[in-house]
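Working notes, structure below.
Numbering (my numbering), first residue to last: 64 to 521.
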């Protein structure tokens, strides 16, 4: 595919890195020449310096024959205008734009249409991160929780702890130990390296285990790998910006929520918008304030400001003062691996959360969902199978007969709202949602081709 990416920031750069490795024709546009030069030195891409919404710059980038435009600059307005121009002048088939401003998103169905601003796919990082954090709060002890088939199935990552019933045992023991629960271990990361699990693979303490199951069975499976954490009740959110406010709004009916925000005007605005959330004016790094608000009894401390360093320091202080779990928003990818698993329990990367949503619309074949795992080291994919045994490489075949690329496993199939764990004798049917796990993202093209109709025996 010929793809133009507008914006060479963290999201644009990471997206270019993902797509360039998959033999796409990538051009990236930005006003920062040094950033473009840095990307060009590392990746096989074209770069164009200039303002992303200018017709001459889009022309220079190849908009006339581009298959897709992805606008992820820091300006909502530039992203929107670029999509408008790409449609008006070049009839670009697919236009994707990142839009952050809540006011635009409130009226998105009226604004973003073919007759007004023609954006085919709208990406809201704040909304994606909010959903990500909410799922982590709903599943105490999980490192990552990913929805497939509209939430019917979930892929969950947990760290295996000493004392867990399955720790020190072979994976095959899980099926005999929990005969009424259908689940599959999709992958294991041990000391940062992937292990493709087999029945005789022994789970060790501190392994990062990815398993898939029906949503209703997730807690049961988690209890086999670690002591099951009691449900969260008390949440403190540091930062009352878009993400903090959204999160409070979505969870305040189920949890006891407090927000700490520096700006007094923002505090007043939050107090009017939120019904059951206590809004506190002050600094999340104020030890006295945290102690006054009983930080030692807090189940989750979420640091969600726009300042990485402030988030890290506030989280470290909260943990030292007794917060049970700390989740920290970190924009700089270099910081994520440094801090997670130490004092900070979960580091949240908005770039990786956003990248998965973008890749869903870039993948060939009928791909319903893409999730980036372990800061981009692996990928989980939901592909819809179409056709029959003559036109498809997967439909009408048992899972053991499908020629999967090395490092790829099928974890589960969702069929008519039922989750079928991918045992070797399960036969794939038309319209099945097939959930795959890839530890080698270079194989993504081979996986996509498996699910393209008409390629069955050619």
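Glycine residues also receive a C-beta, built at the ideal position from the N, C-alpha and C atoms.
{"Query": "Under 9 angstroms between C-beta atoms of residue 130 and residue 155", "Result": "yes"}
{"Query": "Cut-off 7 angstroms between Cβ atoms - residues of its own chain near residue 214, not counting five sequence neighbours on either side", "Result": "278"}
{"Query": "Own chain residues within Cβ distance below 8 angstroms of residue 257, not counting five before or after", "Result": "250, 251, 440, 441, 470 and 502"}
{"Query": "Sub-9 angstroms separation of residue 446 and residue 496 beta-carbons", "Result": "yes"}
{"Query": "Cβ separation of residue 523 and residue 92, assumed to be a contact under 8 angstroms, to the nearest whole Å", "Result": "Residue 523 lies beyond the residue range present for the chain, which begins at 64 and ends at 521; the question has no answer from this structure."}
{"Query": "Under 9 angstroms between C-beta atoms of residue 462 and residue 482", "Result": "no"}
{"Query": "Residue from 485, 195 and 247 with nearest C-alpha to residue 390", "Result": "195"}
{"Query": "Euclidean distance between Cα positions of residue 505 and residue 371", "Result": "31 angstroms"}
{"Query": "Reduced DSSP secondary structure (H/G/I, E/B, other) of residue 172", "Result": "helix"}
{"Query": "Cβ contact (3+ pairs, closer than 8 angstroms) linking the stretch 300-309 and the stretch 217-229", "Result": "no"}
{"Query": "Three-way DSSP call (helix, strand, coil) for residue 334 in this model", "Result": "helix"}
{"Query": "Reduced DSSP category for residue 387 - H, G, I as helix; E, B as strand; rest coil", "Result": "coil"}
{"Query": "Reduced DSSP category for residue 435 - H, G, I as helix; E, B as strand; rest coil", "Result": "strand"}
{"Query": "Short Cβ contact (9 angstroms threshold) for residue 474 with residue 275", "Result": "yes"}
{"Query": "At least three beta-carbon pairs within less than 8 angstroms, the stretch 416-435 to the stretch 71-85", "Result": "yes"}
{"Query": "Sheet register partners of residue 344 (DSSP bridge)", "Result": "324"}
{"Query": "Closer than 8 angstroms: residue 177 CB and nearest the ligand FAD heavy atom", "Result": "Inclusion of the ligand FAD in the displayed structure is not the case, the ligand content being empty and no account of it being possible."}
{"Query": "Which residues DSSP lists as bridging residue 250, in chain order", "Result": "273"}
{"Query": "Short Cβ contact (9 angstroms threshold) for residue 393 with residue 412", "Result": "yes"}
{"Query": "Local conformation of residue 467 per DSSP, three classes", "Result": "coil"}
{"Query": "Cβ distance (whole Å) where residue 315 is taken to contact residue 338 below 8 angstroms", "Result": "7 angstroms"}
{"Query": "From 499, 513 and 458, residue whose alpha carbon lies closest to that of residue 248", "Result": "499"}
{"Query": "Residue 382, buried or exposed, once every other Cβ within 10 Å from all chains shown has been counted against 16", "Result": "buried"}
{"Query": "Beta-carbon gap between residue 168 and residue 162 smaller than 9 angstroms", "Result": "yes"}
{"Query": "For residue 210, the first and last residue of its enclosing beta strand (DSSP E)", "Result": "205-211"}
{"Query": "Integer-rounded CB distance, given that residue 262 should sit under 8 angstroms from residue 233", "Result": "6 angstroms"}
{"Query": "Separation of residue 135 from residue 182, as counted between CA atoms", "Result": "13 angstroms"}
{"Query": "Residue 363, DSSP secondary structure in three states", "Result": "strand"}
{"Query": "Residue 474 (DSSP reduced to helix, strand or coil)", "Result": "strand"}
{"Query": "Reduced DSSP secondary structure (H/G/I, E/B, other) of residue 486", "Result": "coil"}
{"Query": "Identity of the residue in 467, 230 and 493 nearest residue 479 by Cα", "Result": "493"}
{"Query": "Spatially closest choice to residue 82 from 488, 508, 453 and 184, by CA coordinates", "Result": "508"}
{"Query": "Neighbour-count burial assignment, residue 176, 16 or more Cβ in a 10 Å radius", "Result": "exposed"}
{"Query": "Residue closest to residue 358, alpha-carbon to alpha-carbon, out of 379, 373, 369 and 368", "Result": "379"}
{"Query": "Cβ neighbour criterion (16 or more within 10 Å) applied to residue 322", "Result": "buried"}
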